[in-house]
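Protein chains in written order, with the numbering used here: chain A, 1326 to 1489; chain B, 444 to 869. Data first, discussion second: the structure below is written as structure tokens.
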Amino acid sequence: MSRGKVWKYKDNINTDIIAPPESMELDIKGASAYCMSNLDPEFAKGFRPGDYFVTEHNLGSGSSRETAPLVLKELGVRVIVAMDYARIFYRNCINVGMIPVECSETNRISMGDEIDVDYKKGVITNYTKGETYACNTMPEHITKIMECGGLIPYLMEEAGKNKN
Amino acid sequence: MGMTISEKILARAAGQDSVKAGEIIWVQVDKAMMDDILGPRVEIADNLKKQNRPVWDPEKVVIVSDHYTPPANIKQANIVKFTRDWAKDNHIDNYYEFAGPCHQVMVDKGHAIPGTVVVGTDSHTTTYGALGCFSTGIGSTEMSGVLMTGKIWLKVPQSIHILWEGDLREGVMAKDVSLRTIKELGHAGATYKAMEYDGSTIRSMIMDERLCLSNMAVEAGAKVGMIGYDHVTAEYLEGQHGITDRFDWINADTDAVYERRLRFRAEDLVPQVACPHEVDNVTDVEKLEKTKVDQVYIGSCTGGRYHDLKMAAMFLKGRKVASGIRVLVSPASRDIYNQCLRDGIFNDLAGAGCTILGSTCGACLGVHSGNIGDNEVCVATTNRNFLGRMGSKTSGVYLASPLTAAASAITGYITDPREFLQEERA
């Protein structure tokens, strides 16, 4: 949890916008350069690790493509904040090792705001606007998946522990 | 307490007498389906290799190279090659290539059996709900787990009961029913939930039409799109696959509990169009201002079945497509392709000036065989009209039924198919 700059978008940021068709034949690194390009060509160039990806309703609707969360992760996204998520995308986010947080007040957050998301306490602090918002808390087993870098590395680590 | 169709299938899959919505259960997967674009190449092959785990049961895995067939470039060709080689190395005999979009192949080849649990690395895996499968899309990591263990955890979804009663008017198809339902629910209205279609309108639909409804369920965010088993299902299974087993249990109990109930009168429905760039941005075709079309696309796992092409051919036979527009037809499978060839449907379509393509996902998701350019408009019988879906970010995709697509192909503008019905009668 640390302060970071917000990249803010509205409703229905779907998987085709996050991972456009023409990028699908590339590897994840190559595809990440196209992330959000139809909506905001600056996103893939400007997003820095530690920044926050924030949207409103129905984030990740559409395809089951895990490439969508993978390209976001490749660009340095660790924590996502949205009002609500499409089903497959939500599970995929956790499985690749990101934290998808739910907050009903993301409409109060703007592009470029500086925020901090404390998903253990369930509070988002907006330093730019001087506001705080409630968000859901993430159980420890989910945050552990993120710390390990995804479900598979997490399971491998757990299996290793059991052997010792 | 009674159970919905989803609850019944999941109870059986979990080996329990009953389950109820909200419960998290582990189920044995009956079929795991992968395609090329989101198949072994995305994490899955790596995950299995790292874990040094074989595929749990190669006979229960189906792989279809469909998105990148025929490949448009070397990268796509190498993805198909990788998929083909991986299938062979892992002893997956159910490997198909150039056979058409995976969902129709699953249905054509008898991999979608009523009462089973099917998962696939494609969101339109919901398609087989029409046959009474609990079938849904999953990501690569989840598929890796399924391939290693044959199991997946699922939350039993709440169900939305969608009742359509009465007879559809002439010129109105299942696609219109689907778009109208999604308009009501909203594109996230069924997120995490099961849609369960029922009523006399649905029960009188042939399987080709029912598959369209279940296919589109995910466009309302749904996990599955279920339709109960009846004589149509039974006749389809026997006719296509020689399956005479009965699956009468795949129907909801009369006291099943639903999260919500929607009710529609079929007589009130007119042809629908989903305008750019959201699937729930739906309007009556007659209310659209005159919209010029650059391309018409009749195809995909949503709108490229035999009945779809037959209906389009009914309008196009003996007519010509409007000058200056492209009309592309891609049957939803090789089996459908061959059936159209035998029945003369391609003569009618090609004779009118349509271009008959192989069976592929290509243009539907903008990866080859019919991408559209800047500011172009396409009327498509497909499932998504997202920004940049079929090509340029300044293009627009209008989703419609095969009849609306055919009518628009003839006039060059988005057109109400009922105009042609009046002409047919005159």
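Cβ coordinates follow ideal geometry from the N, Cα and C atoms, glycine included. Because the structure is a prediction, the values reported are computed rather than measured.
Subject >> B/Phe829 (DSSP reduced to helix, strand or coil) >> reply: As a first step, residue 829 of chain B is located in the second sequence; it is residue number 386 there, counting from the start. The answer is coil: DSSP assigns B/Phe829 none of H, G, I, E or B.
**OP:** Give the residues of chain B in contact with A/Ala1411, contact being defined as C-beta atoms less than 8 Å apart.
**Re:** Numbered from 1 along the first sequence, position 86 holds the residue referred to as residue 1411 of chain A. Correct list: Ala631, Thr634 and Gly664.
**OP:** Look at the alpha carbon of A/Val1331 and the alpha carbon of A/Asp1376, and state the distance between them as a whole number of angstroms.
**Re:** As a working mapping, residue 1331 of chain A is identified with position 6 in the first sequence. As a working mapping, residue 1376 of chain A is identified with position 51 in the first sequence. Taking the straight line from one Cα to the other gives about 6 Å.
Subject >> Start-to-end residues for the alpha helix (DSSP H) that takes in B/Leu808 >> reply: Within the second sequence, the letter at position 365 stands for residue 808 of chain B. Per DSSP, B/Leu808 belongs to no alpha helix (DSSP H) and is neither H nor E.
Subject >> Per-residue contacts from A/Asn1429 into chain B (C-beta, under 9 Å) >> reply: Reading the first sequence from its first residue, position 104 is the one you call residue 1429 of chain A. Correcting the residue type first, residue 1429 of chain A is Ser in the shown sequence and not Asn. In chain B, no part has a C-beta under 9 Å from the C-beta of A/Ser1429; the shortest such distance is about 14 Å.
Subject >> Residues of the segment 1367-1382 of chain A whose Cβ lies closer than 9 Å to any Cβ of chain B, in chain order >> reply: Interface annotation for the segment 1367-1382 of chain A against chain B: His1382, criterion Cβ-Cβ distance under 9 Å.
**OP:** Please state whether DSSP places B/Ser602 in a helix, a strand or coil.
**Re:** Locating residue 602 of chain B in the second sequence gives position 159, counting from the first residue. B/Ser602: strand per DSSP, three-state reduction.
Original post:
CB-CB under 8 Å to B/Leu712, same chain, minus the five flanking residues each way: which ones, in chain order?
Top reply: The count along the second sequence starts at 1 and reaches residue 712 of chain B at position 269. Excluding residues up to 5 positions away in sequence, Leu611, Arg612, Val615, Asp619, Val620 and Arg623 lie with their Cβ nearer than 8 Å to the Cβ of B/Leu712 in the same chain.
Original post:
Which residue from B/Asp859, B/Val548, B/Pro600 and B/Gly553 puts its Cα closest to that of B/Leu731?
Top reply: As a working note, residue 731 of chain B is residue 288 in the second sequence. Minimum Cα distance to B/Leu731 is reached at B/Asp859.
Subject >> 8 Å Cβ shell around B/Asp536 - same chain, five flanking residues per side excluded >> reply: Translated into the one-based positions of the second sequence, residue 536 of chain B becomes position 93. Taken in chain order, the residues that qualify are Pro501 and Glu502.
Original post:
By the criterion of Cβ-Cβ separation under 7 Å, what are the contact partners of A/Ser1388 in chain B?
Top reply: Counted from its first residue, the first sequence places residue 1388 of chain A at position 63. The CB of A/Ser1388 comes closer than 7 Å to the CB of Ser566 in chain B, given here in chain order.
Original post:
B/Leu481 touches chain A at which residues, Cβ-Cβ below 9 Å?
Top reply: For the purposes of this step, residue 481 of chain B is taken as the residue at position 38 of the second sequence. The contact set of B/Leu481 on chain A, defined by CB atoms closer than 9 Å, consists of Met1349, Ser1388, Ser1389, Arg1390, Glu1391 and Thr1392 in chain order.
**OP:** With DSSP as the reference, please indicate the residues paired to A/Asn1451 in a beta bridge.
**Re:** Start at 1 with the first residue of the first sequence, and residue 1451 of chain A comes out as number 126. Partner(s): A/Ile1440 and A/Glu1456.
Subject >> Neighbour flag for B/Glu721 against chain A, beta carbons, 9 Å >> reply: To locate residue 721 of chain B, count along the second sequence from 1; it is residue 278. Taking Cβ atoms only, chain A reaches closer than 9 Å to B/Glu721, which makes this a yes.
**OP:** Using a Cβ cut-off of 9 Å, pull out every chain B residue sitting near A/Gly1447, in sequence order please.
**Re:** Start at 1 with the first residue of the first sequence, and residue 1447 of chain A comes out as number 122. Under the 9 Å cutoff, chain B gives no residues; its nearest Cβ is about 21 Å from A/Gly1447.
Original post:
Is it true that the CB of B/Lys763 sits closer than 9 Å to the CB of B/Ile853?
Top reply: Position 410 of the second sequence, counted from the start, is the residue given in the question as residue 853 of chain B. Position 320 of the second sequence, counted from the start, is the residue given in the question as residue 763 of chain B. Yes. Within cutoff.
Subject >> Beta-carbon separation (whole angstroms), A/Arg1403 vs A/Met1463, contact threshold 8 Å >> reply: Here residue 1403 of chain A refers to the residue found at position 78 of the first sequence. Here residue 1463 of chain A refers to the residue found at position 138 of the first sequence. Not really, about 12 Å apart at Cβ, beyond 8 Å.
Subject >> Test item: CB-CB of B/Val560 and B/Cys576 under 9 Å >> reply: As a working mapping, residue 560 of chain B is identified with position 117 in the second sequence. As a working mapping, residue 576 of chain B is identified with position 133 in the second sequence. Closer than 9 Å, so yes.
Original post:
By Cβ distance, which residues of its chain are closer than 8 Å to B/Lys594, with the 5 residues on each side in sequence left out?
Top reply: Residue mapping note: residue 594 of chain B aligns to position 151 of the second sequence, counting from 1. If we look at B/Lys594 and ignore the five residues flanking it on each side, its Cβ neighbours are Trp469, Val470, Gln471, Val472 and Gly588.
Subject >> Burial state of B/Tyr679, where buried means 16 or more other Cβ atoms lie within 10 Å >> reply: Numbered from 1 along the second sequence, position 236 holds the residue referred to as residue 679 of chain B. The residue is buried, with at least 16 neighbouring Cβ atoms inside 10 Å.
Original post:
From which residue to which residue does the alpha helix (DSSP H) around B/Pro845 run?
Top reply: Position 402 of the second sequence, counted from the start, is the residue given in the question as residue 845 of chain B. Residues Pro845 to Thr854.
**OP:** Go to B/Pro544, then tell me how far its alpha helix (DSSP H) extends in each direction, as first and last residue.
**Re:** Within the second sequence, numbered from 1, the residue matching residue 544 of chain B stands at position 101. Note, B/Pro544: premise wrong, no alpha helix (DSSP H); not H, not E.
Original post:
Nearest-angstrom Cα distance between B/Ile522 and B/Val485?
Top reply: For the purposes of this step, residue 522 of chain B is taken as the residue at position 79 of the second sequence. For the purposes of this step, residue 485 of chain B is taken as the residue at position 42 of the second sequence. Using only the alpha carbons, I get a separation of about 10 Å.
Subject >> Burial state of A/Glu1427, where buried means 16 or more other Cβ atoms lie within 10 Å >> reply: Start at 1 with the first residue of the first sequence, and residue 1427 of chain A comes out as number 102. Under this definition A/Glu1427 is a buried residue.
**OP:** Evaluate the contact criterion for the segment 566-575 of chain B versus the segment 801-808 of chain B: three or more CB pairs, one atom per stretch, below 8 Å.
**Re:** Verdict: no, contact absent.
Original post:
Along chain A, in chain order, which residues have C-beta atoms closer than 7 Å to that of B/Ser587?
Top reply: Locating residue 587 of chain B in the second sequence gives position 144, counting from the first residue. Within chain A, the residues near B/Ser587 are Ile1477.
Original post:
Contact check, B/Glu608 vs B/Ser647 under 8 Å by CB: the rounded distance?
Top reply: If you number the second sequence from 1, residue 608 of chain B lands on position 165. If you number the second sequence from 1, residue 647 of chain B lands on position 204. The pair is not a contact, with the Cβ atoms about 10 Å apart (cut-off 8 Å).
Original post:
When you compare only the Cα positions, how much space is there between A/Gly1485 and A/Cys1460?
Top reply: Along the first sequence, one-based indexing puts residue 1485 of chain A at 160. Along the first sequence, one-based indexing puts residue 1460 of chain A at 135. Distance between the alpha carbons of A/Gly1485 and A/Cys1460: 34 Å.
Subject >> Inter-residue spacing [alpha-carbon to alpha-carbon] between B/Glu540 and B/Thr745 >> reply: Counted from its first residue, the second sequence places residue 540 of chain B at position 97. Counted from its first residue, the second sequence places residue 745 of chain B at position 302. Rounded to whole angstroms, B/Glu540 and B/Thr745 show a C-alpha spacing of 19 Å.
**OP:** Below 7 Å between beta carbons is the criterion; list the residues of the segment 516-540 of chain B that meet it against any residue of chain A, in chain order.
**Re:** Considering only beta carbons, the part of the segment 516-540 of chain B lying closer than 7 Å to chain A consists of Lys518, Gln519 and Ile522, in chain order.
Original post:
Taking the alpha-carbon positions, what's the B/Gly629 to A/Asn1417 distance?
Top reply: Position 186 of the second sequence, counted from the start, is the residue given in the question as residue 629 of chain B. Position 92 of the first sequence, counted from the start, is the residue given in the question as residue 1417 of chain A. Spanning the alpha carbons of B/Gly629 and A/Asn1417 requires a straight line of approximately 23 Å.
Original post:
Closer than 9 Å, CB to CB, is A/Asp1443 near chain B or not?
Top reply: Residue 1443 of chain A sits at position 118 when you count from the first residue of the first sequence. No - not a single Cβ of chain B is within 9 Å of the one on A/Asp1443.
**OP:** Measure the alpha-carbon distance for B/Met476 versus B/Met650 and round it to whole angstroms.
**Re:** Position 33 of the second sequence, counted from the start, is the residue given in the question as residue 476 of chain B. Position 207 of the second sequence, counted from the start, is the residue given in the question as residue 650 of chain B. For B/Met476 and B/Met650, the gap between their C-alpha atoms comes out near 21 Å.
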